[in-house]
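Undergrad: Quick one: the structure is below, and I'll ask about it shortly.
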Amino acid sequence: METRKSLSRRDLLRLTAGAIGGMVVTVACGATPTATPAPTAATAAKPTATTVSVATPASGAKASIQFWTRLGAEKQPADMSDEWNKAHPETQVVYQGIPGGDYRTKLLASVAGGNPPDVVGMDIVLMPVYTDQNALLAIDDYLTAEGAAFKNDFKQGLWVSTVDKGKTYAIPWWSDPSALFFNVEMATAAGFPKGPQTWDELKAIAKSATKLTGNPDTDIYGMVFPVISPSMFTFLPYLWSAGADLLDQNNCAGFNNDGGRAALQLLTDLFQNGWMPRSALYGTDGTALANIFASGHAAMYVSGPAILAQVAKVKPDLKVGAVPMPGPTPGKQSSFLGGDNLVAMKATKFPKQSWEFMKFIVGAELMRKYTLANNGVYCTGLMTRTSAYTPDYFQKFPIQESLQKTAEVGRAPWPSTYLTEARVPLYNAMQAAMGGQQTVQKALAEAEPKVNQITGCKK
Numbered sequence: 156m157e158t159r160k161s162l163s164r165r166d167l168l169r170l171t172a173g174a175i176g177g178m179v180v181t182v183a184c185g186a187t188p189t190a191t192p193a194p195t196a197a198t199a200a201k202p203t204a205t206t207v208s209v210a211t212p213a214s215g216a217k218a219s220i221q222f223w224t225r226l227g228a229e230k231q232p233a234d235m236s237d238e239w240n241k242a243h244p245e246t247q248v249v250y251q252g253i254p255g256g257d258y259r260t261k262l263l264a265s266v267a268g269g270n271p272p273d274v275v276g277m278d279i280v281l282m283p284v285y286t287d288q289n290a291l292l293a294i295d296d297y298l299t300a301e302g303a304a305f306k307n308d309f310k311q312g313l314w315v316s317t318v319d320k321g322k323t324y325a326i327p328w329w330s331d332p333s334a335l336f337f338n339v340e341m342a343t344a345a346g347f348p349k350g351p352q353t354w355d356e357l358k359a360i361a362k363s364a365t366k367l368t369g370n371p372d373t374d375i376y377g378m379v380f381p382v383i384s385p386s387m388f389t390f391l392p393y394l395w396s397a398g399a400d401l402l403d404q405n406n407c408a409g410f411n412n413d414g415g416r417a418a419l420q421l422l423t424d425l426f427q428n429g430w431m432p433r434s435a436l437y438g439t440d441g442t443a444l445a446n447i448f449a450s451g452h453a454a455m456y457v458s459g460p461a462i463l464a465q466v467a468k469v470k471p472d473l474k475v476g477a478v479p480m481p482g483p484t485p486g487k488q489s490s491f492l493g494g495d496n497l498v499a500m501k502a503t504k505f506p507k508q509s510w511e512f513m514k515f516i517v518g519a520e521l522m523r524k525y526t527l528a529n530n531g532v533y534c535t536g537l538m539t540r541t542s543a544y545t546p547d548y549f550q551k552f553p554i555q556e557s558l559q560k561t562a563e564v565g566r567a568p569w570p571s572t573y574l575t576e577a578r579v580p581l582y583n584a585m586q587a588a589m590g591g592q593q594t595v596q597k598a599l600a601e602a603e604p605k606v607n608q609i610t611g612c613k614k
């Protein structure tokens, strides 16, 4: 079993320093991967274009709740907070949507400094960091008082990431299963109208669709697989389907094996055959990568449901399908079941008000209203309440049925406090192998001891 040590204040400061000192990147799942510059004195004084905040609480409020998310300029949480504020003048919410890398740095620093926000939309991958630090408020008593019907209305698999050592610390807010989205016309032309089910079918579609003219306006690529930040949201399912992993339950590297080598060789072949754009590996703009697919210039794209909103903006008539990440053989499909939970920080002065606000945010009708208004996307993923899904919803957004099936085969990574740091050597190995600087075998062999050094694994 994994040995999980409690993070000290020094640990938190170390993680914070690492986020500031290295490239600041989006957290593990959900968001489009982009490099995010650290805030300067000039930009810190006011919200940036990727930061949304609602009005200052009314002067007569008895409680002021600080609510942070990693969703940057996504408007839904800000609008939900505004709705709460209008209905609850006695408890006002100040919302901040912070870009992914800045969010991680700012949240770690706030906990280390003893001044965290009250409520946080927390990436499920970061949950172990804060539960081990005893920084989150246990909500079991609130859930019990609410009654079983409330908890049972959530998709039950999502509660796994909310529990640590028998206590519940979060409510599932939005779900983000990684999927392979495909251009239906291009996949059909290759002979796979339902999308690829195996790696061989994926390669067949990529080869068939790629048409390079030398002109970026007319080039067509087989696949866009973003490798521009160390996000495991898209790559871990390929490891899982081949029997490998980033970390095993002993916190040791789990990728330098036949399965890990096969998974990385797949991506290396796709890139070196010219079936993926060079910007997938060497670019810095995740939105531009998404737009290659959204504009009809790629057959496949690996992402979460957020890509659907991008397609609706760029090319709304594009016919898109979705399947879980294909596996090496039939029946080995997988998905990273990411997303965010809602947590209240233990240091909050307003635990009851924070719980009431969290409960409001995850209201089934509220979820449904905002999802219907956003092309079937809730925040940047899927709704978590079963009662929010009605037959007319699937009629309006038929691709959502495929995404529900994707979520059913999804899994979350092993809840290790080392995931965020351990992914970096593997990411560097991916870049080295795909870019041709090292063989797959050498890249993974060199990454293994680096990961084990981070986690303290002794083999």
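Residue 157 in this note's numbering sits at position 2 of the sequence shown; the count goes up by one each step and never skips. The C-beta atom is built at its ideal place from N, Cα and C for all residues, glycine as well.
1. With respect to the alpha helix (DSSP H) encompassing Trp-329, which residues constitute its N-terminal and C-terminal limits?
2. Provide the residue(s) that pair with Met-277 in DSSP beta bridges, ordered along the chain.
3. Across which residues does DSSP place Thr-224 in a beta bridge pair?
4. What is the rounded straight-line gap between the Cα of Lys-362 and the Cα of Gly-227?
5. On a Cα-Cα basis, can you pick out the residue from Val-475, Gly-398 and Ser-219 that is closest to Leu-558?
6. Pick helix, strand or coil for Met-282, following the three-state DSSP scheme.
7. Assuming contact is defined by CB atoms lying nearer than 8 Å, are Ile-423 and Val-606 in contact in what I supplied?
8. Can you tell me which of the three DSSP states Ile-554 falls into?
9. I need the boundaries of the alpha helix (DSSP H) containing Met-341, first residue and last residue.
10. Specify the secondary structure class of Arg-433 as computed by DSSP and reduced to three states.
11. Measure the beta-carbon distance from Val-454 to Ala-342 and round it to whole angstroms, keeping in mind my assumption that it falls under 8 Å.
12. Quick one: any contact between the stretch 490 to 504 and the stretch 370 to 379, if contact means 3 or more CB pairs under 8 Å?
13. What does the Cβ neighbour count give for Lys-261, buried or exposed, with the cut at 16 atoms within 10 Å?
14. Given a cut-off of 8 Å, decide if Gly-482 and Pro-332 are closer than it, judged by their beta-carbon atoms.
15. Could you pull the start and end residues of the beta strand (DSSP E) that Met-455 belongs to?
16. Do Ala-399 and Ala-418 count as a contact pair if the criterion is CB distance below 8 Å?
17. Ignoring anything shorter than 4 residues, give me the alpha helix (DSSP H) runs that lie fully in the stretch 465 to 547, in order along the chain.
18. Helix, strand or coil: which one does DSSP assign to Asp-424?
19. If we ignore side chains and look at the alpha-carbon of each, how far apart do Met-387 and Met-585 end up?
20. Could you check the C-alpha separation between Pro-283 and Gly-346 for me, to the nearest Å?
21. Tell me whether Ser-384 is buried or exposed, calling it buried when 16 or more other Cβ atoms sit within 10 Å of its Cβ.
22. Going by other Cβ atoms of all chains shown within 10 Å of its Cβ, with 16 needed for buried, is Met-522 buried or exposed?
23. Please tell me whether, using a cut-off of 7 Å, the distance from the CB of Ile-554 to the nearest non-hydrogen atom of the ligand MG is below it.
24. In chain order, what residues of the same chain have a beta carbon less than 7 Å from the beta carbon of Asn-412, not counting five sequence neighbours either side?
25. Below 8 Å on the Cβ atoms is my contact criterion, and I expect Asp-287 with Thr-572 to pass it. Report the Cβ-Cβ distance as a whole number of Å.
26. What separation, rounded to the nearest whole angstrom, lies between the Cα atoms of Gln-247 and Leu-281?
27. Starting from Asp-237 and walking both ways along the alpha helix (DSSP H), at which residues does that stretch end?
28. Check whether the stretch 322 to 330 and the stretch 529 to 545 touch, using three or more Cβ-Cβ pairs below 8 Å as the test.
29. How would you write the range of the alpha helix (DSSP H) that Leu-574 sits in, first residue to last?
30. For Leu-357, list the residues DSSP reports as bridge partners.
31. Rounded to whole angstroms, what's the CA-CA distance from Lys-230 to Ala-449? Just pull it up for me.
32. Which residue comes first and which comes last in the alpha helix (DSSP H) that contains Gln-608?
33. Per the contact definition of three or more C-beta pairs closer than 8 Å, is the stretch 389 to 407 in contact with the stretch 460 to 471?
34. If you reduce the DSSP assignment to three classes, tell me which class Asp-374 lands in.
35. Are there three or more Cβ pairs, one per stretch, closer than 8 Å when the stretch 263 to 271 is compared with the stretch 484 to 497?
36. Tell me whether Lys-349 sits in a helix, a strand or coil according to DSSP, three-state version.
TA: Result, derived from the coordinates:
1. From DSSP, Trp-329 is part of no alpha helix (DSSP H) but of the beta strand (DSSP E) over 326 to 332.
2. Asn-496
3. Gly-252
4. 36 Å
5. Val-475
6. helix
7. The sequence shown places Thr at residue 423, rather than the Ile named in the question. No; because the gap between Cβ atoms is not below 8 Å, this pair is not in contact.
8. helix
9. 339 to 344
10. coil
11. The sequence shown places Ala at residue 454, not Val. With 8 Å as the limit, Ala-454 and Ala-342 qualify as a contact, their Cβ atoms being about 6 Å apart.
12. no
13. buried
14. no
15. 455 to 458
16. yes
17. 506 to 516 and 519 to 527
18. helix
19. 11 Å
20. 44 Å
21. buried
22. buried
23. Looking for the ligand MG in the displayed structure turns up nothing, as the structure carries no ligands at all.
24. Ala-399
25. 6 Å
26. 27 Å
27. 231 to 242
28. yes
29. 574 to 589
30. Per DSSP, none; premise fails for Leu-357.
31. 21 Å
32. 595 to 610
33. no
34. coil
35. no
36. coil
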